[in-house]
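Contents: one structure, followed by commentary.
Chains as they are written, first to last, in the working numbering: chain A, 317 to 734; chain B, 47 to 305.
Below is the structure:
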C-alpha cells in the first residue's frame, strides 16, 4: 500500500483526487493480516474462538455426552445469567476500570424481586422493573463516587461488593430462601422454549440475512463514496461462516426443546449493546475515554457523565443477570450472587478478548468468554470430577487470555514507536 | 498591507502570583504566514500559546481578530473563531483509528448513528490534499510512528476548518525524516492560506519554514525578524539576551530564579 504512496506525486498537490489508490484497508493473505492485527493490538476474538474449539474437542473426546443436544442446550441457557453480567463488565473494562460489585448487585436484584413479588405481592412486571432499576441506581451511586468524588473504582465497588451483599441478606430476612413462582414470569425467563422448529431456524436465517444485508449496504455506500470497502468475496465468506454456525446451533437446539427464550434475550442484548458501542457517538465516547482521559477532556467530552453512565450500564446488566440466575433455580437465596460469580463474570469478559487496560473490547467477548467458562464447568461436571479441576482449568485459561492481552499491547507499543 | 492582520496581540500582560510571565507582549500573524515563536525556557512561549488558545486568558491587553477586538476566555472561544491548537503531548486516543481521532468530539451522525463512511471519505480527502502518507486510516494510532501521530494531530486540528493553527513544539521528539514530513505539512498550511504560529527550539526548523521570527525573552518581546534577512547569530543573541544592554544582562540570572 505504502509503496504506491511514497511516489514523487507527494509534492504535487491539487485539491482534487488523483489516480492514487487511497490509503485504506490493505488486503493481504490471512496469516499476514493476523500478524498485523496482533501488532496493532486487534486480535479480537480469534484466540478465544480457537480456545473454545480446543475446549470442546477435548471434552467431546473425554465424554460423548458433552456435545449432546441436551447438554449444549442447557449450556446455552446456563451462560445467560453470567453472560449478561459480563456484558456490563465489558463496558467498565473499556474505561480501563473494574466493577467488583456486580456479583452482589445481581444477588440483591434477585432478592429484591423475590421479596417484592412473593412476600409483598407486587405484580411481577413491576417487581422485575424495580429490581432492574435498583441495579441502575446502584450503578449511578457508585459511578458518582468514582467520577465526582474521585475514589478509585476498585475501592468504591469493593465497598459495594460488601455493602450490597449485606443489604441482600438483610432484606431476605431470617428465612434466607424465597422460592419464586415456578410458573411465573421470572421462572419463564429460563424455562420457556420456542418448541416450534421454525423459531430457531428463523432466528438463524434472520441473523445471517441481517448481517449480510448490513455488510452489503455498507459496501455499496463505501463504493459510492469512493472509500475502500471489503471485497464482496470476503463478505460472502463471513456470512457463510456465520450461517453455518447459526444453523448448526439452531439444529442442535431443535434436537432438544427448541430455541430457549433466555438465549434469544441474551442475543438481543448483545446485538443491541454492540451497536451502541460501535455505532453511536456515546459508544465512541466510551472508547475514547478508555484510550485517553486527557484527550477526551480536551475535545469537550463530559468525562464524569460518561463514567457514571458506564457504571449504570454495569449495574443494570448485573441486575438483569441476577434475575436470570434466580430464574434458573427459581429462588433467591443467601448465596445468590456470591461464590465465583463475580470472578467468572470478569474472567469471561477478559477471556473473550476485552482488554483489562481499557479501550479495546466488544460485547461479543462476553458471549465467547462465558461459553468457554461454562463449557469447562459443564465438561468437568459431566466427567464427575470435583470442582477443583474446574477452577484450575478456568484459572489457566484466564491466565492465557491475560498474557495474550498483555503481549498484544506490548507488541503494539513496540510496533508503534519504531 | 491594507488588510488587518488575522491575529494581533497588543500589550498582553499575564501574571502568575509573583511571576510576571508576559509583559507588554505584541504579536501579529497574517493569513498565509508562518510565524515562529522562539525563546529560552521560561521565556513565556507556552504561556502566550495558552493565552491565544483561551486556556489561560490574559490579565491585560487587547486581542484583535481580523482587526476587531475579541475576548478569549475559554478554549471554545478560540475554537469558534477558528483557532486550532496542537499541544505538545498530541492528546490522541491510542486505541481509536485515524478516522476516530480526527473526528473525536465532532463525529458525523446519520440518524443517530456514526456515519463512518462519510468520516472516512473526508479523512482520506484531507490526507490526500495534505499529501500525508498513512498505511491505513483504520489502524489504531498506537501502531503509527511518532511522525505519523504528529501528522494525525495536526490534521485533526484542520477538521474544523481553522484559520490559525498553533503548533507547540511539533518536531521536538521526531527523527529527521519525520521532522521533514511535519515541516512539509506546515508549508501546506501556509499554502492553504492559514496563519501558523510555531513554537520551536530548533533553529534549523525555524529557518526552514518560518516567514517571521518573534523572539520572547523573560516574558517580553525581544525582536521580530524577517527570516530571509536575519542571520542565525542575530536570532540566537536575541534569544539569549546578548543584545540587551549590560544592566538587563546582569539582572537576568536573578529573574530566572523566580520562574
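Every residue gets a Cβ at the ideal spot worked out from N, C-alpha and C, and that includes glycine.
Inset, instruction - Return no unless some Cβ of chain E is closer than 9 Å to the Cβ of residue 710/A. - result: Of the chains in the structure shown, none is chain E; the protein chains are A and B.
Inset, instruction - Could you confirm whether any beta carbon from chain A is found closer than 9 Å to the beta carbon of residue 119/B? - result: It does not; no Cβ of chain A falls within 9 Å.
Legend entry - residue 421/A vs residue 395/A beta-carbon contact at 9 Å: For residue 421/A and residue 395/A, no; Cβs fall outside 9 Å.
Inset, instruction - Tell me, please, whether the segment 490–504 of chain A touches the segment 635–647 of chain A by the rule of three or more beta-carbon pairs shorter than 8 Å. - result: Between the segment 490–504 of chain A and the segment 635–647 of chain A there are three or more inter-stretch CB-CB distances shorter than 8 Å, so the stretches are counted as touching.
Inset, instruction - State buried or exposed for residue 126/B, treating a residue as buried only when at least 16 other CB atoms are found within 10 Å of its CB. - result: When all chains shown are included, residue 126/B counts as exposed.
Legend entry - Short-range partners of chain B found in the segment 652–680 of chain A, where Cβ spacing is below 8 Å: From the segment 652–680 of chain A, only 674, 675 and 676 have a Cβ closer than 8 Å to chain B.
Legend entry - Spatial neighbours of residue 672/A in its chain, beta-carbon cut-off 7 Å, leaving aside the 5 residues before and after: So the qualifying residues of the chain are 409, 666, 718 and 721.
Inset, instruction - Count the other CB atoms, across all protein chains shown, that sit within 10 Å of the CB of residue 600/A; report buried if there are 16 or more and exposed otherwise. - result: Label assigned to residue 600/A: buried.
Legend entry - 9 Å Cβ cutoff, residue 591/A in contact with chain B: So yes, residue 591/A belongs to the interface.
Inset, instruction - Could you please tell me which residues of the segment 588–617 of chain A, in chain order, have their CB closer than 9 Å to any CB of chain B? - result: Result list: 591, 594, 595, 596, 597, 599, 600, 601, 603, 604, 605, 606, 607, 608, 610, 611, 612, 613, 614, 615, 616 and 617.
Inset, instruction - Give the DSSP-derived three-state secondary structure of residue 392/A in the structure shown. - result: Annotated three-state conformation of residue 392/A is helix, per DSSP.
Inset, instruction - Over the uninterrupted alpha helix (DSSP H) stretch that includes residue 452/A, give me the two end residues. - result: Counting along the chain, the alpha helix (DSSP H) containing residue 452/A begins and ends at 440–460.
Inset, instruction - Find out if the Cβ-Cβ distance for the pair residue 520/A, residue 164/B is shorter than 9 Å. - result: No, these two residues do not count as a Cβ contact at 9 Å.
Inset, instruction - Below 8 Å on the Cβ atoms is my guess for residue 379/A versus residue 687/A; work out the distance and round it to an integer in Å. - result: Not a contact, Cβ separation roughly 17 Å.
Inset, instruction - Please list the residues of the segment 201–221 of chain B that have a C-beta atom closer than 7 Å to any C-beta atom in chain A, keeping them in chain order. - result: Listed in sequence order: no entries.
Inset, instruction - Assign residue 668/A to buried or exposed, taking buried as 16 or more other Cβ atoms, counted over all protein chains shown, within 10 Å of its Cβ. - result: Residue 668/A comes out buried.
Inset, instruction - Go through its chain and collect everything with a Cβ distance to residue 59/B's Cβ below 7 Å, but skip five positions before and after it. - result: Contacts found: 68, 69, 70, 104, 105, 106 and 107.
Inset, instruction - Could you pull out every residue in the same chain whose Cβ sits closer than 8 Å to the Cβ of residue 203/B, ignoring the five residues on either side in sequence? - result: The residues are 130, 131, 132 and 211.
Legend entry - Per-residue DSSP class, three states only, for residue 60/B: Residue state, collapsed to three classes: strand.
Inset, instruction - Can you grab the Cα-Cα spacing for the pair residue 702/A / residue 715/A, in whole Å? - result: Rounded to whole angstroms, residue 702/A to residue 715/A spans 21 Å at the Cα level.
Inset, instruction - Grab me the residues of residue 413/A's own chain with a C-beta within less than 7 Å of its C-beta, minus the 5 sequence neighbours each way, in chain order. - result: Closer than 7 Å at Cβ, skipping near neighbours: 469.
Legend entry - Cβ pair residue 481/A, residue 654/A closer than 9 Å: Going by C-beta atoms, residue 481/A is nearer than 9 Å to residue 654/A.
Inset, instruction - Helix, strand or coil for residue 267/B, going by three-state DSSP, please let me know. - result: If DSSP states are grouped into helix, strand and coil, residue 267/B belongs with the strands.
Legend entry - residue 279/B versus residue 411/A: straight-line alpha-carbon distance, rounded: Between residue 279/B and residue 411/A, the C-alpha separation is close to 51 Å.
Legend entry - Which listed residue (478/A, 418/A and 515/A) has its alpha carbon closest to that of residue 569/A: Closest by alpha carbon: 515/A.
Legend entry - Enclosing alpha helix (DSSP H) for residue 536/A [first to last residue]: It spans 513–541 - the alpha helix (DSSP H) in which residue 536/A sits, taken as one unbroken run.
Legend entry - Rounded straight-line distance, which links the Cα of residue 545/A to that of residue 676/A: Near 23 Å, if we compare the C-alpha coordinates of residue 545/A and residue 676/A.
Legend entry - Coarse secondary structure for residue 154/B, derived from DSSP in three states: Here residue 154/B sits in coil by DSSP.
Legend entry - Best match in 265/B, 284/B and 118/B for proximity to residue 307/B [C-alpha to C-alpha]: Nothing about residue 307/B can be read from this structure; chain B reaches only from 47 to 305.
Inset, instruction - Could you check the C-alpha separation between residue 177/B and residue 201/B for me, to the nearest Å? - result: Roughly 11 Å separates the two Cα atoms.
Inset, instruction - Show which residues of chain B have a CB atom less than 7 Å away from the CB atom of residue 538/A. - result: Contacts between residue 538/A and chain B, judged by CB atoms closer than 7 Å, involve 163 in chain order.
Legend entry - Residues bridged to residue 495/A (per DSSP): BP columns for residue 495/A point to 647/A.
Legend entry - Inter-residue Cα distance where the pair is residue 633/A and residue 505/A: Taking the straight line from one Cα to the other gives about 15 Å.
Inset, instruction - Report back the beta-carbon spacing between residue 692/A and residue 670/A to the nearest angstrom; my notes put them in contact at under 8 Å. - result: The Cβ separation is near 19 Å, so there is no contact.
Inset, instruction - Kindly say whether residue 260/B, judged by its beta-carbon, lies nearer than 9 Å to any beta-carbon of chain A. - result: Residue 260/B does not count as touching chain A.
Inset, instruction - Using the Cα positions of residue 194/B and residue 243/B, report the straight-line distance between them to the nearest angstrom. - result: Taking the straight line from one Cα to the other gives about 21 Å.
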